[in-house]
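Enquirer: I have a structure I would like to understand better, so I am pasting it below and will then ask my questions one at a time.
There are 2 protein chains.
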Amino acid sequence: MEEILTLLEQNKLSELKEILLDENPIDIAEAFEEFPKEKCLIIFKILPKDLSSEVFSYLSPEKQQEVIENITDEEIRYIMDEMYLDDTVDFIEEMPANIVDKILKNTSHDKRKLINQILKYPDTSAGSVMTVEYISFKGTLTVKQAIEYYRQVAIDREETDICFVTDNKRKLVGWISLKTLILSNDDSLIENEMETNIISVQTRDDQEEIASLFRKYDITTMPVVDNEDRLVGVITVDDIVDVIDQENTEDFQKMAAMNPSDQEYLKESVFSLARHRIVWLLILMVSATFTGLIIKKYEDTLQTAVILAIFIPMLMDTGGNAGAQSSTLIIRGIALEEIEFSDILKVIWKEFRVSLIVGTILSSFNFIRLYFFEKIGMDISIVVCASLFATIIMAKVIGGVLPLIAKSLKIDPAIMASPLITTIVDTAALIVYFKLSVMFLNI
Amino acid sequence: MEEILTLLEQNKLSELKEILLDENPIDIAEAFEEFPKEKCLIIFKILPKDLSSEVFSYLSPEKQQEVIENITDEEIRYIMDEMYLDDTVDFIEEMPANIVDKILKNTSHDKRKLINQILKYPDTSAGSVMTVEYISFKGTLTVKQAIEYYRQVAIDREETDICFVTDNKRKLVGWISLKTLILSNDDSLIENEMETNIISVQTRDDQEEIASLFRKYDITTMPVVDNEDRLVGVITVDDIVDVIDQENTEDFQKMAAMNPSDQEYLKESVFSLARHRIVWLLILMVSATFTGLIIKKYEDTLQTAVILAIFIPMLMDTGGNAGAQSSTLIIRGIALEEIEFSDILKVIWKEFRVSLIVGTILSSFNFIRLYFFEKIGMDISIVVCASLFATIIMAKVIGGVLPLIAKSLKIDPAIMASPLITTIVDTAALIVYFKLSVMFLNI
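This is how it looks when you write it as structure tokens:
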């Protein structure tokens, strides 16, 4: 990068071009993000056309907009011609209206039609993730003819080693890998060489389900069909890696009580960040006041033995943490399709036993600390530790069960994570704590 | 599945075989998990040999062990011959010693040597994830010769569309896709057609770094080289999808204060689950006692105005949630390499502004609720809301900063998630709350 800037300042453009030709387009795009606008434009213009359009497809939307605003219509036309359709659609979705007009004006009629079609699919559906630049041929071709056909069309198509086989009505009937094509006899018919166990998705299927099919079947290219089983596009695994990252990020956000956002943190505006956070904070703040109501109910108890207040944070935090551990494991298990609602009894039984072990250890440890080291009275030590024990059992069972119940009610299990579990468990913990105090402490 | 069991009971084995031939091996393996042992063995034995070894490689370790214990040495030999090396290694790692002996006894000398070599690599390194069944040839071959060579060896090699090019010392010098091979002139030399911008990893590189290279460069097959740049294996993207899932699961576990475990929840023993959870619960429980110490210090204040206790849970919970939101976004951003330590000032400034917005809204809302609806006195309402405001600002800045500091100290940022942030923020929140109370409430 240093080198690029130096050459640029010395105006050694042909040397610079030589260096850039050896670089990976993704690395060039990354360097662009750091360079000022004018420098980017100079570099962009000295790149050979095919490399420049590849670099373009890897730029951030902000940089893409900068470039588009400063190049000629002819250059735009070239980029639009060269970019893969799925990248083009992603790019158009991020641009403001005036730029979109400029782009569509410089796109061929056929491509524009395809772009509009893909833009109509719901945001996270197969249709919006797929590309239409697949390769398909009829099963009645010979291997030799298929390879001939492949040679003619492959240059503009998505990088993948799977070709699809369709019948006269464009219905998907099979697939064949380049490996099989190369290994098969020239005169053999495609329909005799192709695989017929097809795993496909429909245009409106959600990307999360598609990701789990990729995961399960270890495939690299997934065909997308319409309602009548006609092949309309393909999804490649590199796009699915992005989907998996995106779905995981969403889960992390939901589990920390935020509305999901697909923008990078550093690029998101302060207002947008605040907006994604405020609703859940409000809901949880109001819920937390129930916990306050319990304390209010036992105000007299607390007045008599204000020492009880000392242990409230420890009980609340430990209960919250114990519940969060359980709910996190269950939420993750549901996301990876390892745990279903029908496992609910197994989960309860497992969490109950785990909580007995964990509760015993934590309470014993705590009792020793309170009674022997802090010299707290035996009665209070027992009440605190018994409350701790009961809290951990409740926390773990509630934490294990709520995500499964949410799932069965078609609510996203991820919202049953730490924040909500903590609030619920807090209330339960304080009720137990004060009830036990009143019963055993003669207050 | 119903159908399979019915045919099996009626002993219609040839019909059953017909049906199974049309099924995806992964689905057959999944059905096996539900069937009793004897049924599995019958079905396993009627499968054609190549299908049976494919099904075998997708079984769970428990089922694999059952099968291995009940088939002949000859059958084992066949499976070992057919299975891809990376699957074989995964399988061997899960088996008890006596089964491993039985397996290695029935493996060819060459394969045994390779297995032992891979087993020696650290658990999450490139060496342990890679397979050695790649295809490579010299750059001096013509395209026609390369395709000839490919035809001879491809049948036993990993499914991928990338072939590698090495020099006389086995050093990696380039790569070529099947697409390029098919599109190139028969007489052209490989070294003129191959790509030379190589992205490779070393055998000891960690799988997490490898996953981010796959992510960044959208590749499907990554070459693995030794210290001297010699090609020793390849990693394919389907294995990386598993790595990404595994790394994400680990992050979820760490962020919920658990030691990571790669076992499925339902398969993990109660003791193992308890063991992974107890250490952090203990640490956090002890840390939470600091919060208790603060309450103890202000016992007299609390005695005079026990009403103050009512708002402790709301302050603690809201502070914890506000901090968890920030730390989660930063931890995730670090994991996806979108945020680095050098962004720390940007993060502080951003979180500060977000917390001003969020803090203002939450405190105002809370003030209206307390003063107008709950009829709490003006002075207490103001103290509670001012404490809430200060808590949110501290929580968000601390939550944003600690993961970055952890990263710069080479500590896993994921531990700076909700549980630890909550404990830290709780303490800060209570100090502010009591200080403000003492200052403004005349107690």
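Protein chains in written order, with the working numbering: chain A, 492 to 934; chain B, 492 to 934.
Every residue gets a Cβ at the ideal spot worked out from N, C-alpha and C, and that includes glycine.
Starting from the beta carbon of Thr782 of chain A, find every residue of chain B whose beta carbon is closer than 8 angstroms, and list them in chain order.
Expert: Residues of chain B passing the Cβ test: Pro804, Met805 and Asp808.
Enquirer: Cutting at 7 angstroms between CB atoms, please list the residues of its own chain near Ala877 of chain B, excluding the five before and the five after it.
Expert: Closer than 7 angstroms at Cβ, skipping near neighbours: Leu927.
Enquirer: Against Gln737 of chain B, what residues of chain A qualify as contacts under a CB-to-CB distance less than 9 angstroms, listed in chain order?
Expert: In chain order: nothing, as chain A lies at least about 10 angstroms away.
Enquirer: Let me check understanding here. Comparing Cα to Cα, which of B:Arg695, B:Val723 and B:Val634 lies closest to Thr615 of chain B?
Expert: Per the Cα distances, B:Arg695.
Enquirer: Of all the beta strand (DSSP E) runs that stay within the bounds of the segment 692–729 of chain B, which reach a length of 3 or more residues?
Expert: Entirely contained in the segment 692–729 of chain B, the beta strand (DSSP E) runs reaching 3 residues are, in chain order, 712–716 and 722–727.
Enquirer: Taking C-beta pairs closer than 8 angstroms, name the residues in chain A that Val558 of chain B reaches, listed in chain order.
Expert: The premise fails here: Val558 of chain B is roughly 20 angstroms from chain A at the closest Cβ pair, so nothing lies under 8 angstroms.
Enquirer: Please state whether the Cβ-Cβ distance between Thr918 of chain A and Phe781 of chain A is less than 7 angstroms.
Expert: The answer is yes: Cβ separation under 7 angstroms.
Enquirer: Name, please, each residue of chain B whose Cβ falls closer than 8 angstroms to the Cβ of Ile786 of chain A.
Expert: Within 8 angstroms Cβ-Cβ: Ala800, Ile801, Ile803 and Pro804.
Enquirer: Does chain B have any CB closer than 7 angstroms to the CB of Pro714 of chain A?
Expert: No, because no Cβ of chain B sits closer than 7 angstroms to the Cβ of Pro714 of chain A.
Enquirer: With distances taken between CB atoms, is the gap from Ile653 of chain B to Thr712 of chain B smaller than 7 angstroms?
Expert: Yes, the Cβ-Cβ distance between Ile653 of chain B and Thr712 of chain B is below 7 angstroms.
Enquirer: Report the partner residues of Ile667 of chain B according to the DSSP bridge assignment.
Expert: Its beta-bridge partners are B:Cys654.
Enquirer: Cα separation between Ala645 of chain A and Met621 of chain A?
Expert: Approximately 17 angstroms, taken between the alpha carbons.
Enquirer: Using alpha carbons as the reference points, say which of A:Glu524, A:Ala747 and A:Leu722 lies closest to Arg661 of chain A.
Expert: The residue with the shortest Cα to Cα distance from Arg661 of chain A is A:Leu722.
Enquirer: Mark Asp730 of chain B as exposed unless 16 or more other C-beta atoms lie within 10 angstroms of its C-beta, in which case mark it buried.
Expert: Answer is buried; the Cβ neighbour count reaches 16.
Enquirer: If you draw a straight line from the alpha carbon of Met776 of chain A to that of Ile822 of chain A, how long is it in whole angstroms?
Expert: Spanning the two alpha carbons is a distance of roughly 23 angstroms.
Enquirer: For the beta strand (DSSP E) that contains Lys629 of chain A, what are its first and last residues?
Expert: Element bounds for Lys629 of chain A: Ser627 to Lys629.
Enquirer: What are the residues of the segment 611–642 of chain B that lie near chain A, defined by any Cβ-Cβ distance shorter than 8 angstroms?
Expert: From the segment 611–642 of chain B, only Ile638, Tyr641 and Arg642 have a Cβ closer than 8 angstroms to chain A.
Enquirer: Just to confirm, is the Cβ distance from Gly890 of chain A to Ser778 of chain A under 7 angstroms?
Expert: It is not a contact, given that the beta carbons lie outside the stated cut-off.
Enquirer: According to DSSP, is Lys662 of chain A helix, strand or coil?
Expert: The answer is strand: DSSP assigns Lys662 of chain A an E or B state.
Enquirer: What first and last residue would you give for the alpha helix (DSSP H) that runs through Lys887 of chain A?
Expert: Looking at the DSSP string, the run of the alpha helix (DSSP H) that includes Lys887 of chain A is Met869 to Ser899.
Enquirer: By the criterion of Cβ-Cβ separation under 8 angstroms, what are the contact partners of Val761 of chain B in chain A?
Expert: Here the neighbours are Lys841, Arg844, Val845 and Ile848.
Enquirer: For the segment 547–633 of chain A, list the alpha helix (DSSP H) runs that are entirely contained and at least 4 residues long, ordered along the chain.
Expert: Fully enclosed alpha helix (DSSP H) runs of 4 or longer: 552–560, 564–573, 576–585, 588–596, 600–610 and 617–620.
Enquirer: Is there a Cβ from chain A that is less than 7 angstroms from the Cβ of Glu829 of chain B?
Expert: Yes - at least one Cβ of chain A is within 7 angstroms of the one on Glu829 of chain B.
Enquirer: What does Gly665 of chain B reach in chain A if we use C-beta pairs closer than 9 angstroms?
Expert: The premise fails here: Gly665 of chain B is roughly 12 angstroms from chain A at the closest Cβ pair, so nothing lies under 9 angstroms.
Enquirer: Mind checking whether Gln555 of chain A and Phe582 of chain A have CB atoms under 7 angstroms apart?
Expert: Yes, the Cβ-Cβ distance between Gln555 of chain A and Phe582 of chain A is below 7 angstroms.
Enquirer: From A:Arg648, A:Asn589, A:Leu921 and A:Val656, pick the residue whose C-alpha is nearest to that of Val634 of chain A; which is it?
Expert: Taking only the C-alpha atoms, the option nearest Val634 of chain A is A:Val656.
Enquirer: What is the C-beta distance between Lys593 of chain B and Ile567 of chain B, in whole angstroms, given that I count them as a contact (C-beta under 8 angstroms)?
Expert: That pair is a contact at about 7 angstroms.
Enquirer: With distances taken Cα to Cα, identify the nearest neighbour of Leu799 of chain B among B:Glu509, B:Asp870, B:Ser543 and B:Ile533.
Expert: Leu799 of chain B has its Cα closest to that of B:Asp870, out of B:Glu509, B:Asp870, B:Ser543 and B:Ile533.
Enquirer: Name the chain B residues whose beta carbon is nearer than 8 angstroms to that of Tyr708 of chain A?
Expert: Going along chain B in sequence order, the residues near Tyr708 of chain A (Cβ under 8 angstroms) are Asn515 and Ile517.
Enquirer: From Phe863 of chain A to Gln744 of chain B, what does the alpha carbon distance come to, in whole angstroms?
Expert: The alpha-carbon atoms of Phe863 of chain A and Gln744 of chain B are separated by roughly 34 angstroms.
Enquirer: Short of 9 angstroms Cβ to Cβ, which residues in the segment 900–915 of chain A face chain B?
Expert: Of all residues in the segment 900–915 of chain A, Ala908, Ser909, Pro910, Thr913 and Thr914 have a Cβ within less than 9 angstroms of some Cβ in chain B.
Enquirer: For Glu828 of chain B, which residues of its own chain have a beta-carbon under 7 angstroms away from its beta-carbon, when the five flanking residues on both sides are left out?
Expert: Correct list, in chain order: Ser703.
Enquirer: To which residues of the same chain is Val845 of chain B closer than 7 angstroms at the C-beta, ignoring the five residues directly before and after it?
Expert: Answer for Val845 of chain B: Lys887, listed in chain order.
Enquirer: Considering only the alpha carbon of each residue, which of B:Ser505, B:Leu498, B:Lys528 and B:Ser543 lies closest to Asp518 of chain B?
Expert: Closest option to Asp518 of chain B, Cα to Cα, is B:Ser543.
Enquirer: Rounded C-beta distance between Leu793 of chain B and Val797 of chain A? I'm assuming under 8 angstroms.
Expert: Indeed, because the Cβ distance is near 5 angstroms, the residues count as touching under 8 angstroms.
Enquirer: Restricting to runs no shorter than 4 residues, where is the alpha helix (DSSP H) found entirely within the segment 732–818 of chain A?
Expert: Within the segment 732–818 of chain A, the complete alpha helix (DSSP H) runs of at least 4 residues are 761–788 and 790–795.
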